Each structure stands twice: as structure tokens, then as C-alpha cells.
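For reference, the structure discussed in these notes is given below.
2 protein chains.
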Amino acid sequence: MATELPTAVDSALAGMRDRARAASGALVALGAEGRSRALLAMREALHARAEAILAANREDLARAEAEGIDPALSKRLALDPAKLATLADNLGELARLPDPLGVSQGRRIAKGLRLETVRVPLGVIALIYESRPGVTIEAAGLTVKSGNGLILRGGHEALTSNAALVAALRQGLEAAGAPADAVQLVEDPDRRWVGGLLHLEGLDLLIPRGGNGLIRRVVQEATVPVIETGVGNCHLYVDRAADLDMALAILRDGKVRTPAVCNALETCLVHEAVADAFLPMVAAQFRQDGVTIHGDEAVRRRIPEALPATERDWAEEYLGLEIAMGVVPDLEAALAHIARYGTHHSEAIVTNDYRAGTRFQEAVDAAAVYWNASTRFTDGFMYGLGAEVGISTQKLHARGPMGLEALTTVKHLVRGEGQTRDF
Amino acid sequence: MATELPTAVDSALAGMRDRARAASGALVALGAEGRSRALLAMREALHARAEAILAANREDLARAEAEGIDPALSKRLALDPAKLATLADNLGELARLPDPLGVSQGRRIAKGLRLETVRVPLGVIALIYESRPGVTIEAAGLTVKSGNGLILRGGHEALTSNAALVAALRQGLEAAGAPADAVQLVEDPDRRWVGGLLHLEGLDLLIPRGGNGLIRRVVQEATVPVIETGVGNCHLYVDRAADLDMALAILRDGKVRTPAVCNALETCLVHEAVADAFLPMVAAQFRQDGVTIHGDEAVRRRIPEALPATERDWAEEYLGLEIAMGVVPDLEAALAHIARYGTHHSEAIVTNDYRAGTRFQEAVDAAAVYWNASTRFTDGFMYGLGAEVGISTQKLHARGPMGLEALTTVKHLVRGEGQTRDF
Numbered sequence: 001m002a003t004e005l006p007t008a009v010d011s012a013l014a015g016m017r018d019r020a021r022a023a024s025g026a027l028v029a030l031g032a033e034g035r036s037r038a039l040l041a042m043r044e045a046l047h048a049r050a051e052a053i054l055a056a057n058r059e060d061l062a063r064a065e066a067e068g069i070d071p072a073l074s075k076r077l078a079l080d081p082a083k084l085a086t087l088a089d090n091l092g093e094l095a096r097l098p099d100p101l102g103v104s105q106g107r108r109i110a111k112g113l114r115l116e117t118v119r120v121p122l123g124v125i126a127l128i129y130e131s132r133p134g135v136t137i138e139a140a141g142l143t144v145k146s147g148n149g150l151i152l153r154g155g156h157e158a159l160t161s162n163a164a165l166v167a168a169l170r171q172g173l174e175a176a177g178a179p180a181d182a183v184q185l186v187e188d189p190d191r192r193w194v195g196g197l198l199h200l201e202g203l204d205l206l207i208p209r210g211g212n213g214l215i216r217r218v219v220q221e222a223t224v225p226v227i228e229t230g231v232g233n234c235h236l237y238v239d240r241a242a243d244l245d246m247a248l249a250i251l252r253d254g255k256v257r258t259p260a261v262c263n264a265l266e267t268c269l270v271h272e273a274v275a276d277a278f279l280p281m282v283a284a285q286f287r288q289d290g291v292t293i294h295g296d297e298a299v300r301r302r303i304p305e306a307l308p309a310t311e312r313d314w315a316e317e318y319l320g321l322e323i324a325m326g327v328v329p330d331l332e333a334a335l336a337h338i339a340r341y342g343t344h345h346s347e348a349i350v351t352n353d354y355r356a357g358t359r360f361q362e363a364v365d366a367a368a369v370y371w372n373a374s375t376r377f378t379d380g381f382m383y384g385l386g387a388e389v390g391i392s393t394q395k396l397h398a399r400g401p402m403g404l405e406a407l408t409t410v411k412h413l414v415r416g417e418g419q420t421r422d423f
Numbered sequence: 001m002a003t004e005l006p007t008a009v010d011s012a013l014a015g016m017r018d019r020a021r022a023a024s025g026a027l028v029a030l031g032a033e034g035r036s037r038a039l040l041a042m043r044e045a046l047h048a049r050a051e052a053i054l055a056a057n058r059e060d061l062a063r064a065e066a067e068g069i070d071p072a073l074s075k076r077l078a079l080d081p082a083k084l085a086t087l088a089d090n091l092g093e094l095a096r097l098p099d100p101l102g103v104s105q106g107r108r109i110a111k112g113l114r115l116e117t118v119r120v121p122l123g124v125i126a127l128i129y130e131s132r133p134g135v136t137i138e139a140a141g142l143t144v145k146s147g148n149g150l151i152l153r154g155g156h157e158a159l160t161s162n163a164a165l166v167a168a169l170r171q172g173l174e175a176a177g178a179p180a181d182a183v184q185l186v187e188d189p190d191r192r193w194v195g196g197l198l199h200l201e202g203l204d205l206l207i208p209r210g211g212n213g214l215i216r217r218v219v220q221e222a223t224v225p226v227i228e229t230g231v232g233n234c235h236l237y238v239d240r241a242a243d244l245d246m247a248l249a250i251l252r253d254g255k256v257r258t259p260a261v262c263n264a265l266e267t268c269l270v271h272e273a274v275a276d277a278f279l280p281m282v283a284a285q286f287r288q289d290g291v292t293i294h295g296d297e298a299v300r301r302r303i304p305e306a307l308p309a310t311e312r313d314w315a316e317e318y319l320g321l322e323i324a325m326g327v328v329p330d331l332e333a334a335l336a337h338i339a340r341y342g343t344h345h346s347e348a349i350v351t352n353d354y355r356a357g358t359r360f361q362e363a364v365d366a367a368a369v370y371w372n373a374s375t376r377f378t379d380g381f382m383y384g385l386g387a388e389v390g391i392s393t394q395k396l397h398a399r400g401p402m403g404l405e406a407l408t409t410v411k412h413l414v415r416g417e418g419q420t421r422d423f
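Structure follows, in C-alpha cells:
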């Protein structure tokens with residue numbers, strides 16, 4: 001890495017990084033009002049260029065179809081006038097949120113020095129993501145609001161859409177007197193650009209958003225700071241003291257409505273005392289919903305059509321209409337299972353027993369732990385953060401839904417009258 | 001890495017990690033009072049076993065001397081009764097600090113759900129460090145206080161001292177009914193253990209403390225979360241509106257008293273308007289102090305004995321009685337120099353000009369930026385954190401001196417009455 005000669009890709013990325021850093025400085029200098037004006041101008045530019053953006057998106061969709069792409073991916077790729085208008089209008093909502101920069105805390109420290117700890121942008125942030133062009137708009141909005149420069153590397157199947165979106169966003173920035181280079185797009189589909197970003201010296205944060213393969217590669221290879229997002233092998237534990245109708249509603253909310261997201265449920269564990277009552281309810285509901293059950297022996301005795309669950313099923317993030325189900329003798333067995341197979345994203349218990357609920361919330365090591373509520377609430381908007389750049393499944397810096405503050409750091413400013421430490 | 005077969009080292013480290021994680025759970029269960037009692041018992045055990053510890057340290061020192069080790073390293077390695085007693089007593093101070101765990105913030109989120117965000121330990125922390133055995137005590141104290149399990153890998157030259165210290169600390173933990181495995185030491189000097197820690201799956205944080213070579217290797221190679229610490233190429237900029245006596249005192253504090261630390265000064269930039277007045281003052285003082293000056297042409301015209309500064313001098317962290325000095329035409333030139341060569345640790349300006357001071361504090365991208373004060377204040381104790389596990393020079397998670405909070409993360413607990421998201 002460090003010892004190899006820089007390639008043309010590395011040099012180009014270094015140039016983008018330097019322009020993004022200069023843009024970050026200019027965004028800070030604009031102040032909160034200037035950055036809000038930029039967000040409103042970005043919104044207007046998206047509305048004004050909606051036709052060109054939707055035409056570009058149709059081009060991507062036609063190419064994807066010609067290449068015989070997975071329909072689920074096509075769906076994530078597709079924009080329509082209403083969706084684009086909502087994404088644009090969300091920039092206006094973002095403009096109204098409190099400024100995450102400049103917030104400071106002061107105190108006196110040694111020898112009467114005044115220490116002021118102030119929130120500042122991270123600097124230059126890169127995002128590697130897959131097909132959803134909406135992420136382009138959300139990420140640009142969050143980074144402009146927080147005074148950061150952004151380098152985007154989207155999926156090749158969304159390239160034409162992303163180019164049209166970024167052209168509009170940059171036009172908006174310029175119209176508001178803000179630096180267009182605050183939002184830059186890598187337009188070359190060559191994979192070497194991804195490798196270059198993983199090792200781009202001076203990059204302050206790299207966020208991978210997408211499938212497990214992408215996130216694993218970034219975490220394993222990157223030498224720049226990374227926040228790991230989004231892999232969720234989420235569990236629901238139905239306790240012996242559960243309200244079973246509530247449990248079924250939460251199970252269905254987590255599995256059926258939007259199965260392709262990271263806060264969807266992938267495994268359901270049932271206390272053996274309620275297995276006879278609950279499993280037939282699940283079987284009847286999931287037959288209607290078309291959900292395939294992979295069960296352990298105790299489940300298969302009660303749900304004949306369930307397939308046998310293998311070791312792989314317990315670890316699998318299906319992201320589709322499949323679920324792993326098991327019967328456990330008690331809460332501690334459920335906790336042990338979750339500790340072994342969970343991905344520290346979102347886990348839930350349904351119970352009306354105080355000790356079971358508190359023990360579960362205490363013992364589970366995850367970003368979010370639910371008691372009588374759906375795991376689908378792990379989301380920046382649901383948490384009231386106003387926006388979300390991803391859901392962190394790591395423990396450093398940010399955990400769970402990441403809003404604007406996750407895109408900032410602090411600086412310690414110390415003022416004195418010539419104080420020296422003298423030792 | 002992931003595809004290779006686990007070695008005996010990897011298996012042993014996995015065992016240490018699992019025991020450390022169980023110990024973390026036990027420390028949390030002990031509560032704040034139980035953890036404080038453990039710290040006091042660790043203090044008592046260090047006092048009680050002081051003779052054995054000092055004998056072990058003499059053994060390390062004798063071996064180091066026989067191997068012809070650098071005297072500066074010998075000095076860092078040496079313990080004496082007073083130093084050991086102070087290190088032990090600091091555990092008592094730590095016991096009195098507020099508990100970093102359990103601190104929570106609550107609010108209502110979507111659909112009336114109650115979200116409680118609560119501070120929890122990171123889990124398992126590993127420290128790779130060099131010769132100072134005092135770090136063993138400090139790190140153990142901080143991790144026990146914050147409910148984390150700790151795996152220590154010290155320098156081979158301090159192995160006997162560290163083994164004696166860790167034996168005492170573990171005895172203290174046990175005496176207080178706390179798990180001894182909260183503090184574990186890798187006692188095999190084989191370098192493969194370092195490699196194993198860099199890739200130990202499930203490790204929550206790895207902190208390297210030591211020279212630039214160690215820190216670079218860890219940051220480049222590690223696939224576990226790392227906080228980068230300590231490299232400090234710190235600058236002092238003496239502005240045209242500086243009080244020159246103050247500037248000289250701050251320069252001397254930063255360069256002469258304790259030159260081998262990361263917050264010491266390595267470069268001094270002087271505004272050309274005060275170069276004729278200030279440089280002779282520096283020359284006279286540094287002749288007495290035995291500091292070698294590496295200067296640019298403008299400095300060498302005024303300080304004949306200064307050696308010519310090369311590109312390498314501007315980037316060098318001397319950690320000794322040497323300094324790079326240059327004359328700049330204005331504040332902006334100083335800022336550009338710091339942006340190019342600084343390591344984002346601590347930077348200082350001396351000036352009585354309001355605009356120069358505010359511009360410097362705004363523009364410099366570093367963990368700590370000083371105005372009329374010494375960079376030597378970048379320190380957890382000086383900042384009133386009560387303790388310090390290192391000084392972060394990165395922007396994610398923690399920046400600047402890291403106290404107890406840097407060893408924690410948050411967990412989001414959500415309670416409801418069966419709420420589902422429904423889309």
C-alpha cells in the first residue's frame with residue numbers, strides 16, 4: 001500500500017480529497033444559515049432537473065433489465081416523480097434541524113486555563129454504496145449540513161442516475177454560493193477506485209452501505225477510519241410470559257412487511273412453555289404470508305411443513321420471506337443463542353415479566369434492544385434524529401442509527417495567559 | 001487472515017478474550033461500588049507486594065543493561081518505591097471518580113415508545129505498549145472502573161515487572177470478589193501474539209501506545225477497531241503580536257523539560273516581523289539548554305550555529321533536545337505549514353492579536369489548539385479527566401486525552417406496548 005507507487009486513480013482521488021477538504025472549510029465559513037440556504041438550493045435544483053434525473057434513471061433501469069438484473073435490485077434502483085420529490089423535500093426538513101457544528105462545552109482546567117470543547121466536521125467523508133440513488137441525496141444533505149466534504153462511489157448500475165443527481169446537487173450548491181466540490185462522484189466504474197478509497201490517506205471516514213460482502217471487504221482491507229453498518233441478524237425472543245397476539249404482530253412486522261432491510265427479523269426463539277400455543281399461530285399466519293420456516297426439531301414437531309434448520313440458518317440474514325425458528329428451555333438459553341449468532345444490531349423480547357425483560361435488556365449486547373416493540377424501529381427517523389447516514393453495528397464513535405452528530409468530531413480549544421506546565 | 005487455520009496463539013487469545021468478556025459482565029454486575037472496592041483492593045495488593053514487584057523490575061533492568069539497552073528506555077522501564085506507591089494510590093483516586101457506566105438519557109420516540117440510551121462498557125480491550133510498567137497499572141485501573149476486560153501485551157523488556165504487577169492486580173481483584181480475568185497478560189514474548197491481537201475477532205478495541213513504528217503497524221494491519229494515539233509533531237507559532245517573553249517560556253516548556261513525550265514541541269515558526277528580536281533570545285536560551293536547532297535560511301542568518309533544516313526535519317518528531325525552526329511571512333503561511341506537517345495532536349500560537357488567535361484556533365485541524373499556553377497541557381490529568389488511557393490523534397470516537405468515557409459505548413433500550421412500525 002504505502003510502498004507502492006501512486007497510480008493515476010490514487011492521484012485523482014487525492015485531488016478529490018483536497019478539493020473536498022477545501023469545500024468543508026468553505027461550508028464551515030458559510031455558517032449554519034449559509035449551509036441551510038445551500039440545502040434549500042439543492043432541493044430546488046433537484047425539483048428543477050427532475051425530468052433529466054428521471055430520464056437518467058430510466059436509462060439505468062433499461063440497461064439493468066437488458067443485463068437481466070435481479071428484480072429486487074431493480075426495485076431499489078428505481079426513482080419515480082413522487083419518490084424524487086420526497087427525497088428533495090427532505091433536504092428542506094434537514095435545513096430546519098439544529099446546526100450540529102459549533103456546539104461547545106467550556107470549563108476551567110489546570111492553572112486557570114479555559115478549555116472549550118467544540119464540535120467540528122470530520123472533514124472528508126467517503127461513501128461506498130450499492131444501487132439506491134436516494135442514498136446519494138440523503139448523504140449529500142447530511143454532509144453539507146454538517147460541513148463535511150463528500151466523495152461518493154455508488155453502484156455501477158446506478159451510475160447514470162447518480163451523475164444526474166450529483167450534477168443537480170452541485171448546481172444547487174453553486175447557486176447558493178457554496179462550493180460545488182462539497183459533493184463529488186467517482187464516475188469511473190473501474191473497481192480500482194474502491195481500492196483507492198480504502199487506502200486514501202487523509203480520508204477522515206469511509207462508510208460502506210450495502211451487502212455483507214461489501215462491508216466485510218471494507219472492514220478487512222481499509223486502512224482509513226471506517227464505520228461498519230447494517231448487517232442485522234435480528235432475533236425475537238417470545239418469553240413464557242409473552243402476550244402471544246402481541247408477539248405475533250411484532251414477528252409479522254419484523255419479517256413480512258419489508259424483509260430486505262437490516263432491522264428485519266431473521267430468527268424467532270420461543271420459550272417451550274408457550275411453544276404449543278404460539279407455534280400453530282405462527283404457522284397459520286406465515287402460510288398466508290408465504291414465509292418459509294426453518295425450524296429445529298421442537299418446531300418441526302409442531303409445524304410439519306417447516307424445513308430443518310441447519311447451523312447456517314441460525315447465522316443467515318435472509319433479507320427475504322424466510323425465518324429460522326427454535327424452541328428454548330428458558331431465557332438464558334435464548335440469551336446464549338443471541339450472543340452466539342447475533343450481529344449486535346437489534347434484538348427484541350416480548351414478555352410481561354419484569355425480571356425477564358430487564359434481564360434481556362441488560363444482557364444482550366446490541367445497538368438496540370426492544371422490549372414489547374418491533375426491531376423495525378431502529379432507524380434515524382424513528383429515533384427522532386431527523387435523518388440517518390446508516391446504522392452502526394460497531395461500538396466505537398457511533399452505535400445504532402447515525403444522525404448528524406456522528407459526522408462530527410470535537411476540537412479542544414485552550415486559552416491562557418502564558419501558562420506553562422513546568423514538569 | 002480469516003481463511004487461515006487458527007494457530008495455537010489464536011486459540012489461546014480467543015480463550016483470553018472469552019474470559020475477559022465474562023469478567024466484563026461480572027464487573028458490570030458488581031455495580032459502581034463493587035468496582036470501586038476492587039480498585040481499592042488492587043491498590044492494597046500493589047502495596048503489599050511492592051517488594052516482589054521492585055525485585056522483578058530490578059531483574060528486567062539488569063537484563064536490559066546486560067543487553068546494552070538505550071538508557072532512555074531503561075529510565076522508562078525503572079520503578080522505584082515512591083513511583084510504585086504513587087501509581088498504586090492513583091487507583092484510589094480513580095475509585096472516587098464518578099461511575100462512567102449506567103449514565104442514561106431518555107426520550108419518547110415514534111408511536112410513544114420510550115428510548116433510553118445508556119452507557120455500557122466496550123467489552124474487551126487490548127493494549128499493546130512498550131516499556132513503561134506504570135501503564136500496566138493505569139490501564140488496569142481504567143478498564144476495571146469502566147467495567148471492561150483487559151488483555152495486556154507489554155514490551156518484552158518489561159515482562160518480569162509486568163508479570164509481577166498483573167499477579168498483584170489479579171490478587172486484589174479476587175480479594176474484592178471481582179473476577180481476576182478482568183486483567184490478563186500475554187506473557188510469551190513471541191511476536192505472533194501481536195499479530196494475533198490485530199486480528200482477534202470480537203475484540204472491541206485495540207489501543208497501541210508507543211513509538212510511531214508500532215502505531216503505524218497497528219493502524220495499517222489491524223482488522224479490529226483501533227484508536228490511534230500519541231504521535232505528536234507539535235508546532236508553536238510566534239505571531240508578530242506575540243509577547244516574546246511568554247513565547248520563549250512556552251517554547252522552553254514544550255521543548256526542554258520533558259522532550260520525550262508526544263505533547264512536546266518539535267517545530268517553532270516565527271513571524272518575520274519579530275524574527276530579529278525573538279531568534280537571538282531563543283539562541284541564547286537553547287545554548288544553555290543544549291537544544292540543537294535545525295533552521296531554514298532566515299533562521300540560520302540570525303542563529304549561526306543552527307544546522308540547515310531539511311524536508312525531513314519539518315516532519316520529524318525528535319522526542320529529544322532538537323527543534324526545527326522557520327521564519328514565515330504571515331499567519332497564513334504558518335497555518336499552511338502546520339496543515340502540511342502537523343499530526344493533528346497539539347498546536348499553539350502566542351499572540352495578543354484577537355484576529356490572529358481566533359483565526360489560528362479556527363483553522364488548525366488538531367485535537368488541541370492552544371492560544372498563549374503550552375502544548376504540554378494536552379493530558380487527561382491536566383484536562384481534569386482524572387485519568388488517561390492515551391491521547392487520541394484520530395477524529396472518530398475520542399479525540400485528544402481519553403478518559404473513562406472513551407472506554408464506553410452506548411446501548412439503546414426501547415420499551416413499548418407492542419408497537420409495530422407497519423411499513
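Taken in sequence, the protein lines are chains H and X.
Note that the first sequence covers residues 1 to 423 in UniProt numbering.
Note that the second sequence covers residues 1 to 423 in UniProt numbering.
Glycine included, C-beta positions come from ideal geometry on N, C-alpha and C.
Nothing here was measured: the structure is a model prediction, and the numbers come from that model.
Rounded straight-line distance, which links the Cα of residue j to that of residue i
i                : j                   : result
valine 186/X     : leucine 152/X       : 6 Å
alanine 139/H    : valine 389/H        : 6 Å
glycine 386/H    : alanine 45/H        : 22 Å
tyrosine 129/X   : leucine 159/X       : 11 Å
lysine 111/X     : alanine 78/H        : 30 Å
methionine 325/H : alanine 126/H       : 38 Å
asparagine 148/H : glycine 134/H       : 19 Å
asparagine 212/X : arginine 35/H       : 38 Å
alanine 366/H    : glycine 342/H       : 8 Å
glutamate 59/H   : alanine 168/H       : 17 Å
valine 226/X     : alanine 275/H       : 44 Å
threonine 143/X  : leucine 165/X       : 15 Å
arginine 359/H   : glycine 155/X       : 41 Å
threonine 3/X    : histidine 199/X     : Because threonine 3/X carries a pLDDT of 48, less than 50, the predicted location of this residue cannot be relied on, and the following value inherits that uncertainty. If I take the Cα positions, the gap works out to 12 Å.
glutamate 67/H   : arginine 132/H      : 18 Å
methionine 1/X   : methionine 402/H    : Confidence is the limiting factor: at methionine 1/X the pLDDT is only 42, short of 50, which leaves the residue's position unreliable, though a coordinate-based value still follows. One C-alpha to the other measures close to 30 Å.
valine 219/H     : alanine 222/X       : 10 Å
residue 424/X    : arginine 340/X      : Because chain X here runs from 1 to 423, residue 424/X falls outside it and cannot be looked at.
residue 471/H    : phenylalanine 381/H : Absent from the model: residue 471/H. The displayed extent of chain H is 1 to 423, so no value can be given.
Distance CB(residue i)-CB(residue j) smaller than 8 Å
i               : j              : result
valine 9/X      : lysine 411/X   : no
aspartate 188/X : valine 124/X   : no
histidine 47/X  : leucine 396/H  : no
alanine 373/H   : leucine 319/H  : no
threonine 420/H : aspartate 80/X : no
alanine 41/X    : alanine 241/X  : no
alanine 26/X    : alanine 180/X  : no
glycine 290/H   : leucine 321/H  : yes
Environment of residue i [buried if 16+ CB atoms lie within 10 Å]
i               : result
leucine 407/X   : buried
serine 11/X     : exposed
proline 6/H     : exposed
aspartate 379/X : buried
proline 100/X   : buried
glutamate 157/X : buried
lysine 75/X     : exposed
Q.
Threshold first: 3 residues or longer. Then list the beta strand (DSSP E) segments lying entirely within the stretch 260–299 of chain H, N to C.
A. Counting only unbroken stretches of 3 or more residues, the beta strand (DSSP E) elements lying wholly within the stretch 260–299 of chain H are 265–271 and 292–295, in sequence order.
Q) Which of the residues in the stretch 19–32 of chain H, read from start to end, lie with their CB under 7 Å from any CB of chain X? A) Taking 7 Å as the Cβ-Cβ cut-off against chain X, none of the residues of the stretch 19–32 of chain H qualify.
Q) Of the residues that make up the stretch 369–401 of chain X, which ones have a beta carbon closer than 7 Å to any beta carbon in chain H? A) Listed by position along the chain: Val369, Tyr370, Trp371, Asn372, Ala373, Ser374, Arg376, Phe377, Met382, Tyr383, Gly384, Gln394, Lys395, Leu396, His397, Arg399 and Gly400.
**Q.** Every unbroken beta strand (DSSP E) within the stretch 320–350 of chain H, with a cutoff of 3 residues, ordered by chain
**A.** Fully enclosed beta strand (DSSP E) runs of 3 or longer: 322–328 and 346–350.
Q. Taking any Cβ of chain X, which residues in the stretch 404–415 of chain H have a Cβ under 7 Å from it, in chain order?
A. Within the stretch 404–415 of chain H, the qualifying residues are Thr409, Val410, Lys411, His412, Leu413, Val414 and Arg415.
Q | Inside the stretch 41–102 of chain H only - alpha helix (DSSP H) runs reaching at least 4 residues | A | As far as the stretch 41–102 of chain H is concerned, its whole alpha helix (DSSP H) runs of at least 4 residues are 50–66, 71–77 and 81–96.
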